Amino acid sequence: MVRRNTLKVTKFLALVTLLFFSFLMLRITLPYLSLERDVRFLQIKRAVIDNDGWRTAFFVHVFSSIFLLIAGFTQFFSPLKKRYSAVHKLVGKMYVVILLFISGPAGLIMAFYANGGWTSQLAFVTLSFFWLWTTAKAWLAIRDRDFVSHGEWMIRSFALTLSALTLRAWKFVLVMILHPPPMTLYMIVAWLGWIPNLLLAEWLIRKQYAPRILRG
1 MVRRNTLKVT
11 KFLALVTLLF
21 FSFLMLRITL
31 PYLSLERDVR
41 FLQIKRAVID
51 NDGWRTAFFV
61 HVFSSIFLLI
71 AGFTQFFSPL
81 KKRYSAVHKL
91 VGKMYVVILL
101 FISGPAGLIM
111 AFYANGGWTS
121 QLAFVTLSFF
131 WLWTTAKAWL
141 AIRDRDFVSH
151 GEWMIRSFAL
161 TLSALTLRAW
171 KFVLVMILHP
181 PPMTLYMIVA
191 WLGWIPNLLL
201 AEWLIRKQYA
211 PRILRG
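So, in structure tokens, the structure goes:
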């Protein structure tokens, strides 16, 4: 009983934290609706801003990732799964399709132009590979009606989706504590933004917390 209550409290605190950073992410994203070339992050991408392929990939990735974050949260929300199973399945399918064919490939294109040189580029290319791979494995598992494996791979996939939030959270923390130079900071968070997520997801699966998480 104590362990179950602890898990519920942990999930609640994690949800509140993630919702807070999701709100911040939304605030960061909204200015890009103008499609202007001098908004926020784009101001430091002058070297590639005129590259139509990169610019298209950027806007596609930014806007589609917001949907993936929202969709991912709903997949672990018990009332939705129980009362509206058809909606749960539809949103899950949209998550997989958009990630595999839209947001994931766009993110991979962006990875090759990441700030911080080859260190950051390698980090984001690796992240893109694992993001696409874990999601493809989740899709293959549900196609074979292996629900347990599907759930575990979805946990891994969403852990990587959350890198959009955790990267910015780590950036905030590191700036507050260490004040590193901008490019050094970028090289650090390029790895720190997703590796702990994946390790935590794997730990939860290995410790058999996955079924409880998936039940909501």
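Quick note: the sequence shown uses the UniProt record's numbering, first residue 1, plus one each step. Cβ atoms here follow ideal geometry from the backbone N, Cα and C, with glycine treated the same way. What you are looking at is a predicted structure, and each value in this text was computed from that prediction instead of being measured.
Using the three-state DSSP reduction, which class does residue i fall into: helix, strand or coil?
i	result
P182	helix
W131	helix
V148	helix
Q43	helix
Y84	coil
V91	helix
A123	helix
E202	helix
N197	helix
residue 277	Nothing in the structure corresponds to residue 277, since the chain is present only between 1 and 216.
I49	coil
L15	helix
R156	helix
R37	coil
K207	coil
If you follow the alpha helix (DSSP H) that residue i is part of, which residue opens it and which one closes it?
i	result
P105	104 to 111
G53	52 to 75
V175	163 to 177
Less than 8 angstroms between the C-beta atoms of residue i and residue j, yes or no?
i	j	result
R156	L122	no
L127	L165	no
H61	A106	yes
V96	A57	no
M187	S120	yes
S22	S65	no
I49	R40	no
V175	L185	yes
L68	L100	no
Of the residues the options, which one's Cα is nearest the Cα of residue i?
i	options	result
M94	T17, T119, A136	A136
F129	R145, L108, R143	L108
M110	K45, M154, L204	K45
Y32	L15, L13, F59	F59
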